[in-house]
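Position one of the sequence shown corresponds to residue 241 (UniProt numbering), numbered consecutively onward. The beta carbon of each residue, even a glycine, is placed where N, CA and C say it ideally should be. What you are looking at is a predicted structure, and each value in this text was computed from that prediction instead of being measured. This report refers to the structure that appears directly beneath it.
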Amino acid sequence: AAVEKGNYRHFMQKEIFEQPTVVAQTLNSYVRQADESVALPQIDFDLTAIKRITIVACGTSFYAGMVAKYWFETFARVPVDIDVASEFRYREPVLEDGGLAIFISQSGETADTLAALRHCKENGQTIAAVVNVPTSTMAREADLLLPTHAGPEIGVASTKAFTCQLAVLAAVAAHMAVKKGKMSREEEQEVVRHLLEAPACLNAALDHDDDIAAMAPLIAPARDVLYLGRGQDYPLAMEGALKLKEISYIHAEGYASGEMKHGPIALIDEAVPVIVLAPSGPLFEKTVSNMQEVSARGGKIVLISDAEGLAEAGDGCLATIEMPKVHPLIAPLVYAVPVQLLAYHVAVVKGTDVDQPRNLAKSVTVE
Ligand code: G6P
């Protein structure tokens with residue numbers, strides 16, 4: 241049956257709001273609530289033997305991979321090499337025996353990612369595919385299919401597939417850590433508990449839709465927007481910038497907060513809004529210094545943080561968006577919501593074609 245927009249104005253908006261449901265649905269097949277354990281689909285290779293992981297993807301799926309790199313390295317202590325698919329093959333990557341290559345793709349058909357998958361297969365890697373279309377080419381060619389259960393995604397700019405990819409990758413990283421003896425049973429239970437908190441936290445983030453709609457007119461006139469984030473929120477800054485570019489046609493860049501002083505700071509003036517993604521926590525103070533560097537140059541900040549972070553650094557910002565206080569593991573899922581909604585509402589203000597942005601395709605099947 242054809243997918244309908246229902247009461248939503250755009251598919252993208254509908255898909256943003258579906259996230260609590262589809263993330264819960266996805267987690268259902270990767271964690272067991274009863275004993276708070278991670279449970280993966282049947283794996284017929286030895287996960288403990290994996291010495292190295294290669295992650296390859298494009299676009300939004302690539303940013304999910306960047307977040308996953310943090311998880312595989314911190315949980316399972318397995319080194320991760322990650323690249324965009326169009327660059328990967330042509331740099332003659334070193335692919336040693338015993339490597340696991342993970343391909344992330346909503347469609348399962350992106351030509352560059354598929355070509356990289358085949359290259360890894362020819363070079364002795366075990367192939368895992370995190371895909372949303374279970375009948376896709378990547379799903380068929382993988383040794384291990386890791387489906388996201390986001391349902392059909394119609395909006396060209398990916399939203400719900402991204403948060404479902406994150407849910408799957410977090411579970412896989414935890415599973416590998418358990419198998420490798422790097423994560424205790426208690427830690428596994430803790431990870432599962434936090435993952436299961438994600439749907440409610442996504443709902444809490446969605447509750448700020450009206451605030452975000454109200455501030456969108458402040459961003460819509462900008463020519464350039466800078467997004468800053470640290471640690472696992474750095475890929476989210478890039479995802480935020482990508483979303484804004486894709487649907488509102490405003491030039492945006494995502495940068496690691498600490499790297500701003502090595503370049504982008506030269507761009508800052510009253511006309512360049514700076515969107516800061518910064519949950520409170522150990523790295524928050526450092527981000528506050530970066531915000532001060534922006535303010536000192538007349539830059540206008542939109543701070544996305546929890547109540548604690550906003551209390552500490554919200555004064556003097558152009559706008560703030562309050563997120564629930566969440567465990568760092570699920571922060572990338574939760575902070576995806578405000579950047580998606582911000583791009584969405586800015587595009588609506590500008591009157592662009594949200595679901596079918598110019599020059600872009602839902603699935604890019606040419607290299
Ligand atoms: C296109 C879409 C993006 C998507 C990217 C990767 O550029 O417009 O939204 O992130 O392809 O697609 P995939 O299906 O491989 O995740």
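Going by the CB atoms, is the gap between residue j and residue i shorter than 9 Å?
i           : j      : result
residue 190 : Ala351 : Residue numbering for the chain in the displayed model covers 241 to 607; residue 190 lies beyond these limits and cannot be assessed.
Arg317      : Lys420 : yes
Leu517      : Ile544 : yes
Leu442      : Val577 : yes
Ile290      : Met455 : no
Arg329      : Ala356 : yes
Ala417      : Phe251 : no
Ala408      : Leu569 : Checking the sequence shown, residue 408 turns out to be Val, not Ala. It is not a contact, given that the beta carbons lie outside the stated cut-off.
Glu479      : Val566 : no
Ile342      : Thr294 : yes
The ligand G6P and residue i: does any heavy atom of the ligand fall closer than 8 Å to the residue's C-beta?
i      : result
Ile344 : yes
Val604 : yes
Ser488 : no
Ala297 : yes
Leu409 : no
Leu600 : yes
Glu349 : yes
Thr300 : yes
Val396 : yes
Thr261 : no
Ile527 : Looking at the sequence shown, residue 527 is not Ile but Thr. It does not: the Cβ of Thr527 is nowhere closer than 8 Å to a heavy atom of the ligand G6P.
Thr294 : no
Ala547 : no
Ala445 : no
Starting from the C-beta of residue i, find all residues in its chain whose C-beta is less than 6 Å away, skip the five residues before and the five after it, and write them out in chain order.
i      : result
Thr366 : Phe285, Leu340 and Asp383
Val514 : Leu466, Val534, Gly539 and Ile541
Ser497 : Leu468, Arg470, Thr527 and Asn530
Excluding the five sequence neighbours on either side, which residues of its own chain have a C-beta within less than 8 Å of the C-beta of residue i, listed in chain order?
i      : result
Asp464 : Ile490, His491, Ala492, Glu493, Leu507, Ala511 and Val512
Ala601 : Val396
Glu607 : Ser326, Ala351, Asp352 and Ala355
What residue from the options has the CA that sits closest to residue i's CA?
i           : options                           : result
Val579      : Gly591, Val373, Met563 and Ser535 : Met563
Phe524      : Leu386, Arg331 and Ala551         : Ala551
Ala453      : Val588, Gly471, Val370 and Ile505 : Val588
Pro281      : Ser345, Ile293, Asn268 and Leu468 : Asn268
Ala304      : Leu573, His448 and Lys245         : Leu573
Ser520      : Ala496, Glu548, Ile505 and Gly503 : Glu548
Arg598      : Asp447, Gly591 and Ile487         : Ile487
Ala462      : Ala444, Ala571, Asp323 and Lys485 : Lys485
Leu582      : Glu499, Ala481, His502 and Arg292 : Ala481
Arg292      : Gly364, Arg249 and Tyr248         : Gly364
residue 217 : Phe302, Ser347 and Gly471         : No answer is possible for residue 217: it lies beyond the span of the chain, which begins at 241 and ends at 607.
His448      : Pro374, Gly503, Ala559 and Asp275 : Ala559
For residue i, which residues from the same chain have a beta carbon less than 7 Å from its beta carbon, with the 5 sequence-adjacent residues on both sides left out?
i      : result
Val262 : His389, Ala390, Gly391, Lys400 and Cys404
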